[in-house]
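Comments concern the structure below.
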Amino acid sequence: MLLWRSRVSTVKSPFSLGTFVKHLPASNPSPNPSPSTFKFSPSGKPQSIFTTPALPKSHFQALTQKQQQQVHLYIHSLLEWNQKMNLTAVRGQNEVMERHVEDSLAILEPIKTSYLSRCGTSCENLNLIDVGSGAGLPGIILAIACPGWKVTLLESMNKRCVFLEHAVGVTGLSNVQVIRERAENLGHNPGFREAFDVAVARAVAEMRVLAEYCLPLVRVGGLFVAAKGHNPQNIW
Numbered sequence: 092m093l094l095w096r097s098r099v100s101t102v103k104s105p106f107s108l109g110t111f112v113k114h115l116p117a118s119n120p121s122p123n124p125s126p127s128t129f130k131f132s133p134s135g136k137p138q139s140i141f142t143t144p145a146l147p148k149s150h151f152q153a154l155t156q157k158q159q160q161q162v163h164l165y166i167h168s169l170l171e172w173n174q175k176m177n178l179t180a181v182r183g184q185n186e187v188m189e190r191h192v193e194d195s196l197a198i199l200e201p202i203k204t205s206y207l208s209r210c211g212t213s214c215e216n217l218n219l220i221d222v223g224s225g226a227g228l229p230g231i232i233l234a235i236a237c238p239g240w241k242v243t244l245l246e247s248m249n250k251r252c253v254f255l256e257h258a259v260g261v262t263g264l265s266n267v268q269v270i271r272e273r274a275e276n277l278g279h280n281p282g283f284r285e286a287f288d289v290a291v292a293r294a295v296a297e298m299r300v301l302a303e304y305c306l307p308l309v310r311v312g313g314l315f316v317a318a319k320g321h322n323p324q325n326i327w
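Okay, so the sequence shown: first residue is 92 according to my numbering, each after it adds one.
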């Protein structure tokens, strides 16, 4: 399994992305790794971290007017529902924009770059699953930004799924489906096992655990992306 890293920087919220490419083992693996294959230390931690180019100050401003309106509708719904159920610790519209919307949009280009460099020749019509979607982040924001993508929001809690269905309806997203199930169970379902080009998850658990949950959902040659906090060396 290949792994590489790319650091993403937003205005105030830098985080790292661990990305895995799912592939079949070669029949005669080369004893010498290619320049694009990274070595691992005995502890299993990657020895190389790469930096992506600086991203635009505001990813939101790069969206079309319609997409911006959809984002505002999502934010309004999130804050409204957050008054009666715990969806996010963020309480203000500006903070939602900075901490949730901008951070979600910040992983878009690294996903595209990683996918094109490793997994396919086009990323216009990806089939993506957001594992442990919670309030729909980053899945709903990615679905708004990429209307050609088919996005699945996977969430185990029923009340959050009710909100997700509401948010999808309010924003008018026809490219999103919501599934209430645990990731470890969905990976055993023949209809979803190895069915996605990309799986994305916020790394709230150790990477090994997330990989066990998410990689069964990704097709051979697909990509799993985990967004993590400030120190990417501590996710293993």
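The C-beta atom is built at its ideal place from N, Cα and C for all residues, glycine as well.
| said: Using DSSP's beta-bridge definition, name the partner residues of threonine 179. | reply: In the DSSP output, where bridge partners are listed per residue, threonine 179 has none listed.
| message | Taking DSSP's pairing of strands, which residues face threonine 243 in a bridge? | response | Ile220, Gln268
| request: Please list, in chain order, all residues of the same chain as proline 147 whose beta carbon is under 8 Å from its beta carbon, the five residues on each side excluded. | output: Residue placement at proline 147 cannot be trusted, given a pLDDT of 46 that sits under 50; what the coordinates show is reported in the next sentence. Result list for proline 147: Ala153, in chain order.
| According to DSSP, is arginine 190 helix, strand or coil? | helix
| said: With a threshold of 8 Å on Cβ separation, who are the neighbours of isoleucine 232 within its own chain once the five nearest residues in sequence on each side are excluded? | reply: Val162, Tyr165, His191, Val192, Ser195, Leu196
| Hey, quick one: how far does the beta strand (DSSP E) through arginine 293 stretch, first residue to last? | 287-293
| Looking at valine 291 and alanine 317, is the spacing between their C-beta atoms short of 9 Å? | yes
| field | Sheet register partners of valine 309 (DSSP bridge) | value | Phe287
| Distance, histidine 167 Cα to arginine 182 Cα | 11 Å
| query | Between the region 303-315 and the region 263-275, do at least 3 Cβ pairs fall closer than 8 Å? | reply | yes
| said: Report the CB separation of leucine 255 from glycine 227 in whole angstroms; it is logged as a contact under 8 Å. | reply: 5 Å
| query | Taking DSSP as the reference, what is the three-state secondary structure of cysteine 252? | reply | helix
| Does DSSP classify leucine 199 as helix, strand or coil? | helix
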